[in-house]
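Student: I'd like to ask some things about the structure below.
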Amino acid sequence: MTTAMSPTPSATSRHTSGRQRTTAALVTGAGGEMGHGLIQTLAAEGGRAIVALDIRELSSEIRSSCDAAFAGDICDEGLLSRLLAQYEISEIYHLAALLSTRGEFVPETAHQVNVVGTLNMLKLAAEEARTHGRTVRFFFPSSIAAYGMATLAQKRAAGRVAENQCLEPITMYGCSKLAGEHLGRYYERHYRLLAKDRMEKPIDFRSIRFPGIISADTVPSGGTSDYGPEMIHAAAQGRPYGCFVRADSRIPFMTMPEAVTAIVGVMRAEKSVLQRQVYNISSFAPSAQDFASLVLREFPGAIVTWEVDEKRQAIIDSWPEDIDDAAARADWGWKPQHDLASAFSGYLLPRIRARYE
Ligand code: SER
505 MTTAMSPTPS ATSRHTSGRQ RTTAALVTGA GGEMGHGLIQ TLAAEGGRAI VALDIRELSS
565 EIRSSCDAAF AGDICDEGLL SRLLAQYEIS EIYHLAALLS TRGEFVPETA HQVNVVGTLN
625 MLKLAAEEAR THGRTVRFFF PSSIAAYGMA TLAQKRAAGR VAENQCLEPI TMYGCSKLAG
685 EHLGRYYERH YRLLAKDRME KPIDFRSIRF PGIISADTVP SGGTSDYGPE MIHAAAQGRP
745 YGCFVRADSR IPFMTMPEAV TAIVGVMRAE KSVLQRQVYN ISSFAPSAQD FASLVLREFP
805 GAIVTWEVDE KRQAIIDSWP EDIDDAAARA DWGWKPQHDL ASAFSGYLLP RIRARYE
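For the record, in the sequence shown the residue sitting at position 290 is 794 according to my numbering, with numbers rising by one throughout.
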């Protein structure tokens, strides 16, 4: 189903059918946590239409920031053709994915959505580039799940890992994110390598490996880093929380506004400064106990217990305790806005309190 919203003034081009098409940024997985934050920022930037695609109907709040919203599957060719009949896609933010916990219940579905879905979007981008003779910029959110360490001892010994280390993920989500990174590199540099009529660099592929992300406005579902945001949102609602990982579990996290700032930062960077296609970024790397201590201090009466799920724990134990983001800092000026304390005091607490009051 398509819901056309009133288009903002934007550039237009002529489709092969002769019809005018509006130049747009396409955001897949638009109804998810990251889409929620990103779409508002892209809408505020202005300059081109925003077309949202999600498996579900979008909330009216997100829809109101978009020029059009398409509900359907990223693997549905008919839907994608209808979208392309109306819009010329100049950049893609491909956020649709099944996260790490959900993916372990339905790994083949995770592959279908995360890998085949990504391939479809890359193909769409390459075809758009070919039609218009203009490179399409493509953002792909990768994850710390792309890393994998076999034991907790290895994780502790590895410390902060750089982009090319420890790439043996243990989850289907991690495997599919790593596959997506490779596909993006292939489409940018080598797509149709032997074809006589190939286009050089149809895609400008940019990717960030995100840590766990905490939003004050939404609660994640289906991820394994969810214990951080779940603990905070539960305490703010006066609900006890049974944390599914050990108190000493440690992975990197950041706030959603930092993640959105990073996406815009890497997407607006001059290509000439980008030495890589895939970048680590990191803000703070607390233990689950660090989260609990802050939650107990800020919400007197909060109850946090440790109800470890050994299998989800194994996933967290396979992810690095922190990641080295020196390349992102040097190349495109990435800088975190928060440490754990300021993430709580300056962002999470005021907004979460207001939300649940
Ligand atoms: N938030 C993701 C997950 O837990 C990791 O990037 O699956």
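Note that the Cβ used here is the ideal one computed from N, Cα and C, for glycine as well.
On a predicted model such as this, the values are computed, not experimentally measured, just so you know.
Check whether the Cβ of Ala649 lies closer than 7 Å to any heavy atom of ligand 1, and answer yes or no.
Tutor: In the sequence shown, counting from the first residue as 1, residue 649 sits at position 145. True, at least one ligand heavy atom lies under 7 Å from that Cβ.
Student: Less than 8 Å between the C-beta atoms of Asp794 and Leu852, yes or no?
Tutor: Taking the first residue of the sequence shown as position 1, residue 794 is located at position 290. Taking the first residue of the sequence shown as position 1, residue 852 is located at position 348. Taking 8 Å as the Cβ cut-off, Asp794 and Leu852 do not qualify as a contacting pair.
Student: For Gln841 and Glu762, what's the separation of their Cα atoms in angstroms?
Tutor: One-based indexing of the sequence shown puts residue 841 at position 337. One-based indexing of the sequence shown puts residue 762 at position 258. Near 7 Å, if we compare the C-alpha coordinates of Glu762 and Gln841.
Student: Out of curiosity, what's the CA-to-CA distance linking His540 and Ala662?
Tutor: What you label residue 540 is simply residue 36 of the sequence shown in a count that begins at 1. What you label residue 662 is simply residue 158 of the sequence shown in a count that begins at 1. Cα-Cα distance, rounded: 34 Å.
Student: Assign Asn624 to one of three DSSP states: helix, strand, or coil.
Tutor: As a working note, residue 624 is residue 120 in the sequence shown. In this structure, Asn624 counts as helix in the three-state DSSP scheme.
Student: How do the segment 759 to 779 and the segment 724 to 731 stand: do at least 3 beta-carbon pairs fall below 8 Å, yes or no?
Tutor: Touching, no, given that fewer than three Cβ pairs across the two stretches are closer than 8 Å.
Student: Run the CB neighbour count on Phe609, radius 10 Å, all protein chains shown included, and call it buried at 16 or more, exposed below.
Tutor: Within the sequence shown, residue 609 is the residue found at index 105, counting from 1. Phe609 should be labelled exposed.
Student: Can you give the Cα-Cα distance for Asp558 and Tyr690, rounded to whole angstroms?
Tutor: Counted from its first residue, the sequence shown places residue 558 at position 54. Counted from its first residue, the sequence shown places residue 690 at position 186. In this structure, the alpha-carbon of Asp558 lies about 26 Å from that of Tyr690.
Student: How would you label Leu687, buried or exposed, when you count the other beta carbons within 10 angstroms and need 16 or more for buried?
Tutor: Here the question's residue 687 lines up with position 183 in the sequence shown. By the C-beta density criterion, Leu687 is buried, having at least 16 other C-beta atoms within 10 angstroms.
Student: Look up Phe788 in the DSSP assignment and say whether it is helix, strand or coil.
Tutor: For this step, residue 788 is matched to residue 284 along the sequence shown. In this structure, Phe788 counts as strand in the three-state DSSP scheme.
Student: Here's a check: name, in chain order, each residue in its chain whose Cβ is nearer than 6 Å to the Cβ of Thr809, leaving out the five neighbours to either side.
Tutor: Taking the first residue of the sequence shown as 1, we reach residue 809 at position 305. Excluding five sequence positions before and after Thr809, the CB atoms of its chain that fall closer than 6 Å to its own CB belong to Gly746, given in chain order.
Student: From which residue to which residue does the alpha helix (DSSP H) around Ala751 run?
Tutor: What you label residue 751 is simply residue 247 of the sequence shown in a count that begins at 1. From DSSP, Ala751 is part of no alpha helix (DSSP H); its letter is neither H nor E.
Student: Classify Gln524 as helix, strand or coil using the three-state DSSP reduction.
Tutor: Position 20 of the sequence shown, counting from 1, holds the residue named residue 524. Reduced to three states, the DSSP call for Gln524 is strand.
Student: Please report the distance separating the alpha-carbon of Ala572 from that of Glu595.
Tutor: As a working mapping, residue 572 is identified with position 68 in the sequence shown. As a working mapping, residue 595 is identified with position 91 in the sequence shown. The alpha-carbon atoms of Ala572 and Glu595 are separated by roughly 15 Å.
Student: When you compare only the Cα positions, how much space is there between Ile807 and Ala739?
Tutor: Mapped onto the sequence shown, residue 807 falls at position 303. Mapped onto the sequence shown, residue 739 falls at position 235. Rounded to whole angstroms, Ile807 to Ala739 spans 7 Å at the Cα level.
Student: Check whether the Cβ atoms of Ser711 and Arg754 sit closer than 8 Å, and answer yes or no.
Tutor: Numbered from 1 along the sequence shown, position 207 holds the residue referred to as residue 711. Numbered from 1 along the sequence shown, position 250 holds the residue referred to as residue 754. Contact: no.
Student: For Ile819, count neighbouring Cβ atoms within 10 angstroms of its own Cβ and tell me buried if that reaches 16, exposed if not.
Tutor: On the sequence shown, position 315 is the one that residue 819 refers to. With 16 or more other Cβ atoms within 10 Å, it is buried.
Student: With distance defined between alpha-carbon atoms, name the residue in Glu592, Tyr677, Val555, Ala796 nearest to Ala630.
Tutor: On the sequence shown, position 126 is the one that residue 630 refers to. Residue Glu592 is the option with its Cα nearest to Ala630.
Student: For ligand 1, any of its heavy atoms closer than 7 Å to the Cβ of Tyr677?
Tutor: The sequence position of residue 677 within the sequence shown is 173, counting from 1. Inclusion of Tyr677 in the 7 Å shell around ligand 1 follows from its C-beta lying nearer than that to a non-hydrogen atom of the ligand.
Student: Compute the distance between the beta-carbons of Ile767 and Trp838, then report whether it is under 8 Å.
Tutor: As a first step, residue 767 must be located in the sequence shown, where it is residue number 263. As a first step, residue 838 must be located in the sequence shown, where it is residue number 334. Not a contact, by the Cβ cut-off of 8 Å.
Student: Should Ser846 be counted as a contact of ligand 3 given a C-beta to heavy atom distance under 7 Å?
Tutor: Summarising the ligand content, the structure contains ligand 1 and does not contain ligand 3.
Student: Closest to Arg816 by CA distance: which of Thr605, Ala683, Arg855, Phe788 is it?
Tutor: As a first step, residue 816 must be located in the sequence shown, where it is residue number 312. Checked all of Thr605, Ala683, Arg855, Phe788; the closest Cα to Arg816 is Thr605.
Student: Specify the secondary structure class of Asp828 as computed by DSSP and reduced to three states.
Tutor: Position 324 of the sequence shown, counted from the start, is the residue given in the question as residue 828. Asp828 falls in the coil class under three-state DSSP.
Student: Helix, strand or coil for Arg641 per DSSP?
Tutor: The count along the sequence shown starts at 1 and reaches residue 641 at position 137. Note: Arg641 maps to strand in three-state DSSP.
Student: Taking the CB atoms as reference points, tell me whether Ile718 and Met676 lie closer together than 8 Å.
Tutor: Position 214 of the sequence shown holds residue 718. Position 172 of the sequence shown holds residue 676. The answer is no: Cβ separation not under 8 Å.
Student: So what does DSSP say about Val619, is it helix, strand or coil?
Tutor: Here the question's residue 619 lines up with position 115 in the sequence shown. Reduced to three states, the DSSP call for Val619 is helix.
Student: Can you have a look at His694 and say buried or exposed, based on whether 16 or more other CB atoms are within 10 angstroms of its CB?
Tutor: Residue numbering aside, residue 694 sits at position 190 when the sequence shown is read from its first letter. When all chains shown are included, His694 counts as exposed.
Student: Measuring only from the beta carbon, is Ser604 closer than 7 Å to any heavy atom that is part of ligand 1?
Tutor: Locating residue 604 in the sequence shown gives position 100, counting from the first residue. Yes, the beta carbon of Ser604 sits closer than 7 Å to at least one heavy atom of ligand 1.
Student: Is the separation between the beta-carbon of Gln544 and that of Ser569 shorter than 8 Å?
Tutor: Taking the first residue of the sequence shown as 1, we reach residue 544 at position 40. Taking the first residue of the sequence shown as 1, we reach residue 569 at position 65. Against a cut-off of 8 Å, the Cβ pair of Ser569 and Gln544 comes out as a contact.
Student: On the DSSP bridge list, what partners appear for Leu530?
Tutor: Taking the sequence shown and counting its residues from 1, the one referred to as residue 530 is at position 26. Note: Leu530 sits in a beta bridge opposite Val555, Ile596.
Student: In angstroms with no decimal places, state the Cα-to-Cα distance between Pro511 and Ala548.
Tutor: The count along the sequence shown starts at 1 and reaches residue 511 at position 7. The count along the sequence shown starts at 1 and reaches residue 548 at position 44. With a pLDDT of only 38 at Pro511, under the threshold of 50, the placement of this residue in the model should not be trusted; the figure read from the coordinates follows. Cα-Cα distance, rounded: 14 Å.
Student: Between which two residues does the beta strand (DSSP E) carrying Ser680 extend?
Tutor: Along the sequence shown, one-based indexing puts residue 680 at 176. Counting along the chain, Ser680 falls outside any beta strand (DSSP E), though it belongs to the alpha helix (DSSP H) covering 676 to 693.
Student: Flag Gly533 as yes when its Cβ comes closer than 7 Å to any non-hydrogen atom of ligand 1, and as no otherwise.
Tutor: What you label residue 533 is simply residue 29 of the sequence shown in a count that begins at 1. No, the Cβ of Gly533 stays beyond 7 Å of every heavy atom of ligand 1.
Student: Would you report the Cα separation of Val665 and Ile827, rounded to the nearest angstrom?
Tutor: For this step, residue 665 is matched to residue 161 along the sequence shown. For this step, residue 827 is matched to residue 323 along the sequence shown. Distance between the alpha carbons of Val665 and Ile827 is about 5 Å.
Student: So, for Glu537: in the same chain, excluding its five sequence neighbours on each side, which residues have a beta-carbon less than 6 Å away from its beta-carbon?
Tutor: Counted from its first residue, the sequence shown places residue 537 at position 33. By the criterion of a C-beta distance shorter than 6 Å, Glu537 is surrounded in its chain by Ser719, Thr722, Pro724, once the five residues flanking it on both sides are discounted.
Student: Taking 7 Å as the line, does the beta carbon of Ser791 fall inside it for any heavy atom of ligand 1?
Tutor: Residue 791 sits at position 287 when you count from the first residue of the sequence shown. Not so, every heavy atom of ligand 1 lies at least 7 Å from the Cβ.
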